[in-house]
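Here's the structure, in structure tokens; my notes come after.
Number of protein chains: 2
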Amino acid sequence: MTGRPATTNVVSQRRPDVAVVGGGPIGWAVAWRCAARGLRVVVHDPAPGSGASHVAAGMLAPVAEAYFGERELTALLTESAGRWPGFAAELTEVTGADIGYRTEGTLMVGLTVDDLAEARRLWAYQQELGLPVTPLRPSPLRDREPALAPRVRGGALAATDHQVDPRRLVPALRLAAERAGAVLVAEPVRRLSDVTAGATVVAAGCGSAALTGLPVRPVKGQVLRLRAPDGGPPGFRHVIRGYVDGEHVYLVPRDSGEVVVGATVEERSDLDVSAGAVLRLLRAAVDLLPEIAEYDLVETLAGLRPGTPDNAPILGPLPGHPDVLVATGHHRHGIVLTPVTADLITDLVTGEGNSDTLLAPFRPDRFADPPGGLGAPVAGTFPHSTEENSWN
Amino acid sequence: MTGRPATTNVVSQRRPDVAVVGGGPIGWAVAWRCAARGLRVVVHDPAPGSGASHVAAGMLAPVAEAYFGERELTALLTESAGRWPGFAAELTEVTGADIGYRTEGTLMVGLTVDDLAEARRLWAYQQELGLPVTPLRPSPLRDREPALAPRVRGGALAATDHQVDPRRLVPALRLAAERAGAVLVAEPVRRLSDVTAGATVVAAGCGSAALTGLPVRPVKGQVLRLRAPDGGPPGFRHVIRGYVDGEHVYLVPRDSGEVVVGATVEERSDLDVSAGAVLRLLRAAVDLLPEIAEYDLVETLAGLRPGTPDNAPILGPLPGHPDVLVATGHHRHGIVLTPVTADLITDLVTGEGNSDTLLAPFRPDRFADPPGGLGAPVAGTFPHSTEENSWN
């Protein structure tokens, strides 16, 4: 909703206020927020939306993802999830796009007695934190989702854990950003010194490591996309997260009939789809919801999440380079953390707001002595396969 | 190897001696044999090689496929398999193409005691027929294929059951046929009366039903293609056919590193890949050969075999239409039956040879009262998805 034409001529004519490196959800959300405040913004990405977000399921799950020993991360997840309803509404209003935001909530279930015992330890922890977890016995569980296998021993409802469709979200964010005046430069950034702007935001996912020297590593995830038969919607409405004979699996139903099944968590950087991973995911999914066997398998895909040593994102100024702001390392949480990341980074760019408390645990300087940086640029490029974003 | 240019101008100038409907392996092999005898041949297919042969694994398995109550079919399979070494050598000599013909043989194995008991009943029957089946206890079995799971209870060697790569075979057959002067007309045939030729050969797979009124029905099969990691060859050399907790599965290793895993047998005509089928195939494959879990899953695909009421092919003149020769209904056996089918049909076209005894059980007139035919053309077309061929 700006009169400024979104062409690259603008860029060549005048130095931008903000250069965002990475056209995933984080990058575009930052660009949208900054452009909406009147800043001149460019986004650098040779293939926007083709990285981790293309693989991500889009669970917004601060409760189900609240793990032992990650209290500060849980607080940030909860904060960002709380911003999602308004963020989704604003984005839909600005763009008219359907981003697949759904609020039926998440069912966490255990297949066997052992699975249920493992799950219950976590649910007790989540309840201790004051998070809204409601244990359900098998009968009310199946009342909510009759498609669940009779074998499922029990579960819990996380009513506030919602979902969005990342493949709809990223184009909507890009549209919002471009309407606010942001401009895409569809080329890779090989080093930050090549970027000329008032502030540079590094939202380049796994590619952030080579650009900043920060300890971001790829964490591979394999995901399946199924489709309910005969063009109908899936036979279940909640996001289902299962503990299944020691395996963890989730199933995310979309209105379109699509079901996303994921995800492996592997410390490797290839994008191959392995027979073993597909077997484990399908077996667990069918054990939880037998009707899944009748669904079409329409896609098998691997992506790379940007992981960090403490599993938490890296948000804030790069040590020694106050004009470089980092927004990466979102690991499994890139989609849920998009609103809060965009707000916090935009506050840092503009010097407005008061985000110190929220940001403190996630600042880049918590990793002592990064082995590179702008002064000693790390060799490497920013390939589109490692574009910002992690997923959930 | 002919001076005649392979262009459609030839066709338009003079009525061909033979029109082959269907550019799968059967169609091209017939075309090759007829053209090599000096006949003017055209092949009609909008998308040659894109039907069942594109999905087929290419097992040449008269022994492993010798089932109870199919003695006449077994005799034909054995006859054709016996022609394969010469057929493969001649095709390779004429074209220079590597068609992936491999002669390591086939191991049939049973995972559990029950699986082994089921398999042994069939092996006993195959031995009664005089077929070369050599039972193997677990120790010599694993000496032959160390990659087999320790759980495998026993097996048998069918040393003469070989393999070929259908995706290499069809282009080689086409090349041989075209070098002998055959010409492709890349358009569908909607009714046989549209074809003008001395003799018409219907090798149109599932599409043969609409063209001839014969009882050919689609039998769906789902197949996976895997790839051994790191670009190496698969960790096993034999074709493996397994009885696995009541499931049947085969694994066909290629020199390229590819492994074909199949196949479901389903009485339906869609081409969807189902989660349940992929799960069953992968589970059985990994149970037999644990290293398969580390392989890449590179393709999931479904195809339609042309089945018949007695599971045997339909070979010979269409009742009431002596100038129409049928070569279809090969079901799971299209690849192994390619040489004998080509020879027999060519003999019928030329009036040479003496194939009555071999052909007798497979003549179209064994199906009384076909509900259509040329006199009463059946509505329908010959889509490329139902092109001749079945697979194995």
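Respectively, the protein sequence lines represent chains A and B. Each residue of the first sequence is one higher than the one before, counting from 1 in UniProt numbering. Each residue of the second sequence is one higher than the one before, counting from 1 in UniProt numbering. Idealized CB from N, CA, C, for every residue including glycine. Keep in mind it's a predicted model, so treat the numbers as computed, not measured.
Is the beta carbon of Ile26/A sitting closer than 7 Å to the one on Thr338/A? Between Ile26/A and Thr338/A, the C-beta gap is smaller than 7 Å, which places the two residues in contact.
Assess, as a yes-or-no matter, whether the region 227–244 of chain A is touched by the region 209–217 of chain A under the definition of 3 or more beta carbon pairs within less than 8 Å. By the Cβ criterion, the region 209–217 of chain A is not in contact with the region 227–244 of chain A, since fewer than three pairs of Cβ atoms, one from each stretch, lie closer than 8 Å.
The region 271–287 of chain B: positions lying closer than 9 Å to chain D by Cβ: The chain labelled as chain D is not found among the protein chains of the depicted structure, namely A and B.
Tell me the DSSP secondary structure of Glu145/A in three-state form. Glu145/A: coil per DSSP, three-state reduction.
Which value, in whole angstroms, describes the spacing of the CA atoms of Ala376/B and Gly213/B? Below a pLDDT of 50, predicted positions are generally treated as unreliable, and Ala376/B, at 40, falls in that range; no measurement from the model is reported.
List the residues of chain A whose Cβ lies closer than 7 Å to the Cβ of Glu294/B, in chain order. Simply Ser274 and Gly276.
List, from N- to C-terminal side, the beta strand (DSSP E) runs of 3 residues or more that fit wholly inside the region 213–296 of chain A. You should have 217–227, 239–244, 247–253 and 258–262.
Reference Arg167/A; option with closest CA among Ser208/A, Val244/A and Ser256/A: Cα-wise, what sits closest to Arg167/A is Ser256/A.
Phe382/A, buried or exposed, once every other Cβ within 10 Å from all chains shown has been counted against 16: Caution applies to Phe382/A, whose pLDDT of 42 falls short of 50 and renders its modelled position unreliable; the model cannot decide the point.
Tell me the start and end of each unbroken beta strand (DSSP E) in the region 74–128 of chain B that is at least 3 residues and wholly inside, in chain order. With a minimum length of 3 residues, the continuous beta strand (DSSP E) runs that stay inside the region 74–128 of chain B are 106–110.
What residues from chain B crowd round Leu297/A, counting only those whose CB sits closer than 7 Å? For Leu297/A, the chain B residues whose Cβ falls inside 7 Å of its Cβ are Val273, Ser274, Ala275, Val278 and Thr300, in order along the chain.
Compare the C-alpha of Val20/B against each of His44/B, Met59/B, Ile99/B and Glu266/B and name the closest. That would be His44/B, whose Cα lies nearest to the Cα of Val20/B.
Thinking just about the alpha-carbon of each residue, which of Ala186/A, Ser208/A, Val249/A and Val336/A is nearest to the one in Val224/A? Checking the sequence shown, residue 224/A turns out to be Leu, not Val. When each option's Cα is compared against that of Leu224/A, the closest is Val249/A.
Check this for me: beta carbons of Leu288/B and Val261/B, under 7 Å apart or not? No; because the gap between Cβ atoms is not below 7 Å, this pair is not in contact.
Taking 7 Å as the threshold (beta carbon to beta carbon), is Ala228/A in contact with chain B? Cβ-Cβ to chain B under 7 Å: no for Ala228/A.
According to the neighbour-count rule (16 or more other Cβ atoms, all chains shown, within 10 Å of its Cβ), is Asp343/A buried or exposed? Note on Asp343/A: 16 or more other CB atoms within 10 angstroms of its CB, so buried under the neighbour-count rule.
Just to confirm before moving on: does the CB-CB distance between Ile345/B and Thr328/B stay below 7 Å? Taking 7 Å as the Cβ cut-off, Ile345/B and Thr328/B do not qualify as a contacting pair.
List in chain order: all unbroken alpha helix (DSSP H) runs of 4+ residues lying wholly within the region 17–66 of chain B. Entirely contained in the region 17–66 of chain B, the alpha helix (DSSP H) runs reaching 4 residues are, in chain order, 25–36 and 52–55.
Taking all protein chains shown into account, do 16 or more other C-beta atoms lie within 10 angstroms of the C-beta of Val113/B, making it buried, or fewer, making it exposed? Exposed is the call here.
Exposed or buried, Ser139/A, counting other C-beta atoms within 10 Å across all chains shown (16 or more means buried)? With fewer than 16 Cβ atoms within 10 Å of its Cβ, Ser139/A is classed as exposed.
Look up His333/B in the DSSP assignment and say whether it is helix, strand or coil. DSSP places His333/B in helix when its eight states are reduced to three.
Tell me which same chain residues have a C-beta within less than 8 Å of the C-beta of Asp272/A, skipping the five on either side of it? Here the set comprises Ala302.
Could you give the DSSP three-state label for Glu352/A: helix, strand or coil? Of the three classes helix, strand and coil, the one that applies to Glu352/A here is coil, per DSSP.
If you follow the beta strand (DSSP E) that Ala199/B is in, where does it begin and where does it stop? Annotation: the continuous beta strand (DSSP E) that includes Ala199/B extends over Ala199 to Val202.
Where Leu325/B falls: helix, strand or coil (DSSP): For Leu325/B, the three-state secondary structure derived from DSSP is strand.
Around the C-beta of Phe68/B, are 16 or more other C-beta atoms found within 10 angstroms, so that it is buried, or is it exposed? Result: exposed.
Between Arg191/A and Val298/A, which are expected to be in contact by the criterion C-beta below 8 Å, what is the C-beta distance as a whole number of angstroms? That belief does not hold up - the Cβ atoms of Arg191/A and Val298/A are roughly 39 Å apart, past 8 Å.
From Leu73/A to Pro229/A, what does the alpha carbon distance come to, in whole angstroms? Approximately 39 Å, taken between the alpha carbons.
Going by DSSP, name the residue or residues bridged to Gly155/B. Note: Gly155/B is bridge-paired with Val109/B and Leu136/B in the DSSP secondary-structure output.
Contact check, Arg37/A vs Asp17/A, beta carbons under 7 Å: Contact flag unset, no.
Tell whether a beta-carbon distance below 7 Å holds between Ala156/A and Ala31/A. In this structure, Ala156/A lies away from Ala31/A, with their beta-carbon atoms at least 7 Å apart.
Inter-residue CB distance, Asp165/B and Gly82/B (contact presumed, cutoff 8 Å): The pair is not a contact, with the Cβ atoms about 20 Å apart (cut-off 8 Å).
Other residues of its chain near Glu118/A: CB distance less than 6 Å, five sequence neighbours each side excluded: Correct list, in chain order: Tyr243.
Alpha carbon to alpha carbon, how far is Ala97/A from Ala172/A? Each residue's Cα considered, the two are about 6 Å apart.
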